[in-house]
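Novice: Dumping the structure here so I can ask a few things about it.
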């Protein structure tokens, strides 16, 4: 079954002016969908700490271009960059998801992301730094920091993703006052460990 992003994206692209960038976005979405099935198996295998590439980097068993670190966090250049300076901010302890980090680790992770983003802005002069955490291919928390220029392919990709997350009707329903109150109450009242 085709990805809904591609279907919706094609409709949008036919009515818009950025065909080259949009074509790249569609190609990326199709490749992502095709490789998703394969990467699910890979991510299961990589979830074990002994086979984690980030744990090997932290331990010094694999070479990396280190940018910044403290006792809990390390920032390195991504070996498959989307743009010059594309970096990864990783906790030194093996934890699959960022919301599973301790408060101290989370603080360090986002502090490191802020420090490195400011350094990127000074050194590379992008328009902004895209920051996101996905964690599907490597089951070790990591934050992407990607220097981006307004209007470039990465900017177009992120703008397109924002447009195609859900249908307009669904998004409109989420913005209704009752839906907002219910969501806020649900999250506020949730018990965590």
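Residue numbers (the working numbering): 34 to 226.
Note that CB positions come from ideal geometry on N, CA and C, so glycine has one too.
Given the structure is predicted, the values throughout are model-derived calculations rather than measurements.
Compare the C-beta of residue 195 against all C-beta atoms of chain C and say whether one is closer than 9 Å.
Specialist: Absent here is chain C; the protein component of the structure consists of one chain.
Novice: Considering only C-alpha positions, which residue in the set 188, 162, 190, 154 is nearest to residue 177?
Specialist: Counting from one through the chain shown, the residue named residue 177 turns up at place 144. Residue 162 is the option with its Cα nearest to residue 177.
Novice: Please report how far the alpha carbon of residue 141 lies from the alpha carbon of residue 148, in whole angstroms.
Specialist: Reading the chain shown from its first residue, position 108 is the one you call residue 141. Reading the chain shown from its first residue, position 115 is the one you call residue 148. Cα-Cα distance, rounded: 10 Å.
Novice: Please classify residue 153: is it buried, with 16 or more other beta-carbons within 10 angstroms of its beta-carbon, or exposed?
Specialist: As a position in the chain shown, residue 153 is number 120, starting the count at 1. When all chains shown are included, residue 153 counts as buried.
Novice: Short of 7 Å in beta carbon distance, which residues of its chain neighbour residue 116, apart from the five on each side in sequence? Order them along the chain.
Specialist: As a first step, residue 116 must be located in the chain shown, where it is residue number 83. 179, 180, 181, 187, listed in sequence order.
Novice: For residue 166 and residue 173, which I take to be in contact (beta-carbon distance under 8 Å), what is that distance rounded to the nearest angstrom?
Specialist: Along the chain shown, read from residue 1 onward, the residue named residue 166 stands at position 133. Along the chain shown, read from residue 1 onward, the residue named residue 173 stands at position 140. Between residue 173 and residue 166 the Cβ distance is about 11 Å, and since that is not below 8 Å, they are no contact.
Novice: From the DSSP output, read off the bridge partner residues of residue 106.
Specialist: Locating residue 106 in the chain shown gives position 73, counting from the first residue. Note: residue 106 sits in a beta bridge opposite 124.
Novice: Take residue 90 and list the residues in its own chain whose beta-carbon comes closer than 6 Å to its own, dropping the five residues that flank it on each side.
Specialist: Here residue 90 corresponds to residue number 57 of the chain shown, with the count starting at 1. Excluding sequence neighbours, residue 90 sits near 97.
Novice: Distance check for residue 102 and residue 171, CA to CA, integer angstroms please.
Specialist: Taking the first residue of the chain shown as position 1, residue 171 is located at position 138. Taking the first residue of the chain shown as position 1, residue 102 is located at position 69. Each residue's Cα considered, the two are about 20 Å apart.
Novice: Give me whichever residues DSSP pairs with residue 174 in a beta bridge.
Specialist: As a working note, residue 174 is residue 141 in the chain shown. Looking at the DSSP assignment, residue 174 forms no beta bridge with any residue, so it has no partner.
Novice: Can you tell which of 208, 211, 112, 100 has its C-alpha closest to the C-alpha of residue 86?
Specialist: Numbered from its first residue, the chain shown carries residue 86 at position 53. Checked all of 208, 211, 112, 100; the closest Cα to residue 86 is 112.
Novice: Under the three-state reduction of DSSP, which class applies to residue 99: helix, strand or coil?
Specialist: Stepping through the chain shown from its first residue, residue 99 is reached at position 66. Three-state DSSP puts residue 99 in a strand.
Novice: Hey, how far is the Cα of residue 156 from the Cα of residue 203?
Specialist: Reading the chain shown from its first residue, position 123 is the one you call residue 156. Reading the chain shown from its first residue, position 170 is the one you call residue 203. The alpha-carbon atoms of residue 156 and residue 203 are separated by roughly 41 Å.
Novice: Are residue 139 and residue 131 close, meaning C-beta to C-beta below 9 Å?
Specialist: Working through the chain shown from its first residue, we reach residue 139 at position 106. Working through the chain shown from its first residue, we reach residue 131 at position 98. Result yes, Cβ atoms of residue 139 and residue 131 sit closer than 9 Å.
Novice: If distances are taken between C-alpha atoms only, which option among 143, 84, 222, 119 comes closest to residue 99?
Specialist: Here residue 99 refers to the residue found at position 66 when the chain shown is read from its first residue. Among 143, 84, 222, 119, the Cα nearest to that of residue 99 is on 119.
Novice: Among all the DSSP beta bridges, which residues are the ones paired with residue 162?
Specialist: Numbered from its first residue, the chain shown carries residue 162 at position 129. DSSP, once it has assigned bridges, lists 180 as partnering residue 162.
Novice: What do you reckon, are the CB atoms on residue 107 and residue 125 nearer than 9 Å?
Specialist: Stepping through the chain shown from its first residue, residue 107 is reached at position 74. Stepping through the chain shown from its first residue, residue 125 is reached at position 92. Closer than 9 Å, so yes.
Novice: For residue 133, name the three-state secondary structure that DSSP assigns.
Specialist: As a working mapping, residue 133 is identified with position 100 in the chain shown. Correct three-state label for residue 133: helix.
Novice: What are the boundary residues of the alpha helix (DSSP H) that includes residue 191?
Specialist: Residue 191 sits at position 158 when you count from the first residue of the chain shown. That run of the alpha helix (DSSP H) goes 186-196.
Novice: Assign residue 95 to one of two classes, buried (16 or more other C-beta atoms within 10 Å of its C-beta) or exposed (fewer than that).
Specialist: Position 62 of the chain shown, counted from the start, is the residue given in the question as residue 95. When all chains shown are included, residue 95 counts as exposed.
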